[in-house]
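These notes are about the structure you will find just below.
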């Protein structure tokens with residue numbers, strides 16, 4: 001059954017350090033009821049970081065062959081979570097070579113026949129519910145942590161856990177609820193009474209138990225939790241995306257002290273603390289990066305939303321009935337791997353004045369294979385649509401109906417080659433996203449008229465309008481057809497006058513990625529709340545290293561900037577720390593080919609906590625970091641470098657917690673002094689030299705011999721690009 005701990009146990013085995021060292025290659029995929037052979041194969045390849053834009057163009061047979069070749073001759077561990085039928089095993093097992101080398105497959109299922117079928121004669125492991133003592137310990141761990149349960153609460157606590165019938169999910173959800181209420185005997189006896197006399201293990205009655213935590217949620221958290229039903233089961237949800245959707249739906253209570261994004265992070269933490277949302281991955285700075293909802297809680301969301309008539313989620317190929325079409329509050333269209341057939345249904349829907357969100361996405365939230373459906377999409381019936389997210393379907397020209405969606409606050413599309421001036425009609429727009437890695441795009445000057453914009457994100461890059469009185473084409477523009485669609489703002493090396501006196505986007509927090517040619521003092525002065533900025537050097541820009549350095553000096557005008565990414569094509573010159581705002585907490589540099597002695601400049605950033613150096617951001621065979629001291633740095637990534645000798649003292653990284661090395665093929669070893677950093681918790685290596693791997697293992701063994709069991713060392717031979 002669901003919630004008994006199958007995934008937790010499998011994940012504990014999969015993540016064990018011994019497993020990481022024993023198996024050369026590992027993959028974890030979630031199968032679920034709506035499994036597709038193609039999706040399972042792509043999921044495995046993603047774990048190997050073997051997925052790019054061309055991968056999605058391959059046939060299922062080609063993907064199966066690629067998986068087979070990736071595993072052939074290697075000792076592997078594959079985990080298939082939540083398998084609902086034997087067909088899923090049959091279609092994918094052909095891609096698992098049996099080389100008699102100790103490779104293993106872990107399979108979890110709610111159905112005994114699936115486990116027996118796949119186990120090839122051996123008996124599967126049957127999960128048992130927890131005993132009363134085990135339940136009591138789990139409950140106390142979730143509520144009191146390392147403290148013991150107060151004596152006056154023991155009786156009520158035992159009554160509560162007994163009625164959870166040993167089901168771990170029920171225990172942690174109820175514990176999450178109890179952790180938020182007054183820890184008095186009367187309150188807890190009331191909880192025990194509300195749970196009921198007996199809670200059986202049947203799914204419906206288990207959901208009644210889980211519903212207790214929902215019913216006692218604070219009013220402001222209920223719509224946020226229910227909105228999780230907009231995502232498919234087992235979907236790994238980007239927290240950044242989720243927060244933007246919550247804001248677009250106007251679920252958040254604004255305070256003068258905090259931005260909406262900060263309020264949303266607090267809501268998310270509260271739901272996580274209540275065990276209603278599970279953390280999947282964290283960022284390099286420790287924040288929640290992705291999350292997920294348990295299947296049973298997902299079912300609960302759908303049930304409670306329908307009972308309250310607050311949200312109706314439609315996912316099937318049906319015409320909505322008049323009663324649903326006139327639903328009182330919100331209708332959310334959710335299409336997982338939508339096809340042209342399904343989108344025809346949208347075309348035939350009646351007027352839907354309460355349709356608030358239209359979401360289409362693949363399992364990983366990225367574009368996938370799909371037939372052209374432009375002619376089937378119409379938005380004229382979606383009068384009050386606030387969210388439009390179609391990440392699978394590229395558009396050459398955006399449907400003109402989009403600009404009539406005057407209430408739109410969130411617009412995310414796979415790709416478009418032209419963003420017309422009519423974008424200014426979306427005056428309530430808060431988020432604009434272009435998922436595609438394809439050619440750059442020019443933003444029209446009318447973008448300045450959308451005063452509520454909070455987030456602009458383009459995976460490739462965009463030419464941001466400088467709104468100068470004089471404009472000219474970039475050199476080489478004629479050789480790039482995508483740039484001939486509109487005029488490109490002038491890149492000048494002197495302060496120019498703007499045709500608009502005060503261009504400003506005062507609410508903008510994210511701007512990524514823009515070209516170096518888009519940097520302008522007047523623009524940055526009009527973005528006082530900008531926190532995240534991404535800059536890419538464009539092939540169309542013919543800027544010298546000196547010119548790029550001069551433009552980057554204007555970053556100091558961004559007084560709130562915390563995160564900066566700079567991607568270069570050719571070498572760059574860094575002469576002084578003043579290039580970067582002192583507020584920076586996260587810095588990513590790629591391809592700038594700086595000498596290692598210029599690291600002394602970066603260490604002068606007083607708030608820097610995360611530093612990622614990628615694709616020869618720094619180059620040279622030796623880095624002797626004797627003069628540097630990164631006072632606040634917690635995370636350091638070196639990815640792609642010709643570094644051979646690294647000389648470092650532990651006092652130079654007094655707060656370092658994580659060291660990640662990728663593609664450091666030449667690195668002779670990790671310095672022994674790294675092990676002396678008192679805060680170090682984690683060392684991870686991806687595709688590094690054998691000698692570097694040996695030194696990492698030696699450091700771990702030495703630390704363990706001295707009683708420091710907290711240091712974790714992980715070594716991967718396959719490249720993983722998620723950090």
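Numbering (the UniProt record's numbering), first residue to last: 1 to 723. Built from N, CA and C at the ideal position, the CB exists for glycine as well. Since this is a predicted model, take the numbers as computed values, not measurements.
Given 8 Å as the limit, is there contact between the region 504-512 and the region 449-462, that is, 3 or more CB pairs closer than that?
Yes: at least three Cβ pairs fall under 8 Å.
Going by beta carbon distance, what residues of the same chain come within less than 8 Å of residue 692, once the five residues before and after it are set aside?
661, 664, 667, 668, 669, 670 and 685
Which parts of the region 642-701 are runs of the beta strand (DSSP E), unbroken and 3 residues or longer, counting only runs that do not cross its ends?
645-647, 658-662 and 682-686
Does the distance from the CB of residue 677 to the CB of residue 656 come in under 7 Å?
yes
Can you check which of these residues, 297, 521, 29 and 148, is closest to residue 92 by C-alpha distance?
Ranked by how close their Cα comes to the Cα of residue 92, the residues 297, 521, 29 and 148 have 29 in first place.
Please classify residue 168 as buried or exposed, where buried requires at least 16 other C-beta atoms within 10 Å of its C-beta.
buried
In chain order, which continuous runs of the beta strand (DSSP E) of length 3 or greater are located wholly inside the UniProt domain "NB-ARC" (1-147)?
25-30, 76-81 and 104-107
With a threshold of 16 other CB atoms inside 10 Å of the CB of residue 18, please say whether the residue is buried or exposed.
exposed
Report all residues from its chain with a CB closer than 7 Å to the CB of residue 463; omit the five preceding and five following residues, and keep chain order.
Taken in chain order, the residues that qualify are 440, 442, 443, 488, 489, 515, 517 and 518.
Under the assumption that residue 71 contacts residue 25 (Cβ atoms under 8 Å), give the Cβ distance between them as a whole number of angstroms.
At roughly 7 Å, the Cβ-Cβ gap stays under 8 Å, so residue 71 and residue 25 are in contact.
From the DSSP output, in three-state form, read off residue 616 for me.
In the displayed model, residue 616 falls within coil according to three-state DSSP, outside both helix and strand.
Mind checking which residues open and close the alpha helix (DSSP H) that includes residue 301?
295-308
Counting only C-beta atoms, is residue 313 closer than 7 Å to chain D at any point?
Checking the listed chains, one finds no chain D in this structure; it contains a single protein chain.
Quick check on the DSSP output: the alpha helix (DSSP H) that includes residue 773 runs from which residue to which?
Because the chain here runs from 1 to 723, residue 773 falls outside it and cannot be looked at.
Three-state secondary structure (DSSP) at residue 290?
Residue 290 falls in the strand class under three-state DSSP.
Checking 7 Å against the spacing of the C-beta atoms, do residue 549 and residue 573 come in under that value?
Between residue 549 and residue 573, the C-beta gap is smaller than 7 Å, which places the two residues in contact.
Any idea what DSSP makes of residue 188, helix, strand or coil?
It is helical.
Are residue 42 and residue 67 closer than 7 Å when you measure CB to CB?
no
How about residue 123 and residue 173: do their beta carbons lie closer than 7 Å?
No, they are not a contact pair.
Report the three-state DSSP secondary structure of residue 278 (helix, strand or coil).
strand
Exposed or buried, which one is residue 223 when buried takes at least 16 other CB atoms within 10 Å?
buried
With 16 other CB atoms within 10 Å as the buried threshold, where does residue 546 fall?
exposed
How long is the line joining the alpha carbons of residue 185 and residue 154, rounded to whole angstroms?
9 Å
Just verifying my parser: in three-state terms, what is the DSSP assignment at residue 534?
Strand at residue 534.
Identify, in the order they occur along the chain, each residue of the same chain with its Cβ nearer than 6 Å to the Cβ of residue 78, setting aside the five sequence neighbours on each side.
27 and 105
Do you know offhand how far residue 179's Cα is from residue 147's?
13 Å
When you compare only the Cα positions, how much space is there between residue 277 and residue 432?
26 Å
For the alpha helix (DSSP H) containing residue 241, list its first residue and its last residue.
Per DSSP, residue 241 belongs to the alpha helix (DSSP H) from 239-248.
Pull up the distance between the alpha-carbon of residue 568 and that of residue 111, whole angstroms please.
So the alpha carbons of these two residues sit roughly 52 Å apart.
Using only alpha-carbon positions, find the residue among 570, 436 and 425 that is nearest to residue 390.
436
How do the region 293-302 and the region 240-253 stand: do at least 3 beta-carbon pairs fall below 8 Å, yes or no?
Remark: fewer than three beta-carbon pairs, one from each stretch, lie closer than 8 Å, so the region 293-302 and the region 240-253 are not flagged as touching.
Relative to the C-alpha of residue 430, which residue among 687, 386, 399 and 12 is closest?
386
Hey, would you say residue 10 sits closer than 7 Å to residue 108, going by beta carbons?
Yes, the Cβ-Cβ distance between residue 10 and residue 108 is below 7 Å.
Can you give me the Cβ contacts of residue 589 inside the same chain, cut-off strictly under 6 Å, excluding the 5 residues immediately before and after it?
566, 613 and 617
At what residues does the beta strand (DSSP E) containing residue 639 begin and finish?
635-639
Taking the alpha-carbon positions, what's the residue 709 to residue 683 distance?
13 Å
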